[in-house]
Ligand SMILES: [Zn+2]
Ligand SMILES: [Zn+2]
């Protein structure tokens, strides 16, 4: 499996892109920066988008992706998530107020985007990959995803504070190559992190004990104003499994 880190951050500056990953060229996980990082041709090759939750830093470029591929794709892009996430996107984003309802454009028979609600915990297929949504602990309904190409699997945490089901899924996963885990705020902002259900280096350190040992833990969703403090704090944990991801890197498993 090839994973392109299109955006590794939980905030946006000219040097830091919002959360988005591209898996094997055809499936995206979150849409914080898809249209900032991918060419028009690459955007037109997207077949499925796994959405962790409805927060703007994870769906900000979805409206522009849909507009860019309008008229360029013969099949609609599938936006895939459990029903509560799909409902939020339908009610609050593609609601004909914030953005047109592209599930009915150019017509409801030939839309440019379709929503596919999936059942948490039940594996489904998307463009040659198998994925499973797993509920995590955030302030709105949010899901991590276990994704496998048959030979390798990887796990994405989504936005989450301390959580349980996700790590059980990690222990059960076959050929797990990497855990992509959020780490948003430094420990000096622990109160903000706790209230908004995010991890800090200290709470991440406790979560590490729940994760399968020996699997690399790749950190993302760092808030750009806190990036330097997070880099120092992660280095101070002296945990060889941990590494902060950067925008634009490609990983192969
Ligand atoms: Zn976020
Ligand atoms: Zn969030």
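Residue numbers (our numbering): 1477 to 1729. Here a beta-carbon is modelled for each residue, glycine too, at the ideal position from N, C-alpha and C.
If you count every other CB in all the chains shown that lies within 10 Å of the CB of residue 1583, and 16 or more means buried, which is it?
Your numbering for residue 1583 matches position 107 in the chain shown. By the Cβ neighbour-count rule, residue 1583 is exposed, with fewer than 16 other Cβ atoms within 10 Å of its own.
Mind checking residue 1530: buried by the 16 CB within 10 Å criterion, or exposed?
Sequence index remark: in the chain shown, residue 1530 carries index 54 (1-based). The residue in question, residue 1530, is buried, as its Cβ has 16 or more Cβ neighbours within 10 Å.
According to DSSP, which residues form a beta bridge with residue 1483?
Residue 1483 sits at position 7 when you count from the first residue of the chain shown. Paired residues: 1496.
Status (buried if at least 16 other CB within 10 Å, exposed otherwise) for residue 1682:
Taking the chain shown and counting its residues from 1, one reaches residue 1682 at position 206. By the neighbour-count criterion, in which a residue is buried when 16 or more other Cβ atoms sit within 10 angstroms of its Cβ, residue 1682 is exposed.
Could you compute how far the alpha carbon of residue 1487 sits from the alpha carbon of residue 1640?
Here residue 1487 refers to the residue found at position 11 when the chain shown is read from its first residue. Here residue 1640 refers to the residue found at position 164 when the chain shown is read from its first residue. Between the C-alpha atoms of residue 1487 and residue 1640 there is a straight-line separation of about 26 angstroms.
Three-pair Cβ contact test at 8 angstroms for the stretch 1551-1560 versus the stretch 1603-1620
The stretch 1551-1560, when compared against the stretch 1603-1620, does touch it at the 8 angstroms Cβ threshold.
Do three or more CB pairs link the stretch 1686-1698 to the stretch 1653-1661 at distances below 8 angstroms?
Two segments are said to touch when three or more pairs of C-beta atoms, one from each, lie closer than 8 angstroms; by this definition the stretch 1686-1698 touches the stretch 1653-1661.
Paired residues, beta bridge with residue 1601 - DSSP
Counted from its first residue, the chain shown places residue 1601 at position 125. Partner(s): 1606.
So, residue 1505 versus residue 1612, is the Cβ gap smaller than 9 angstroms?
Stepping through the chain shown from its first residue, residue 1505 is reached at position 29. Stepping through the chain shown from its first residue, residue 1612 is reached at position 136. Cβ distance not < 9 angstroms, so residue 1505 and residue 1612 don't count as in contact.
From the DSSP output, in three-state form, read off residue 1566 for me.
One-based indexing of the chain shown puts residue 1566 at position 90. Three-state result, residue 1566: helix.
Between the CA atoms of residue 1728 and residue 1629 - distance to the nearest angstrom:
Here residue 1629 refers to the residue found at position 153 when the chain shown is read from its first residue. Here residue 1728 refers to the residue found at position 252 when the chain shown is read from its first residue. Residue 1629 and residue 1728: Cα-Cα distance of roughly 11 angstroms.
Contact check, residue 1588 vs residue 1553, beta carbons under 9 angstroms
Residue 1588 sits at position 112 when you count from the first residue of the chain shown. Residue 1553 sits at position 77 when you count from the first residue of the chain shown. Cβ atoms of residue 1588 and residue 1553: closer than 9 angstroms.
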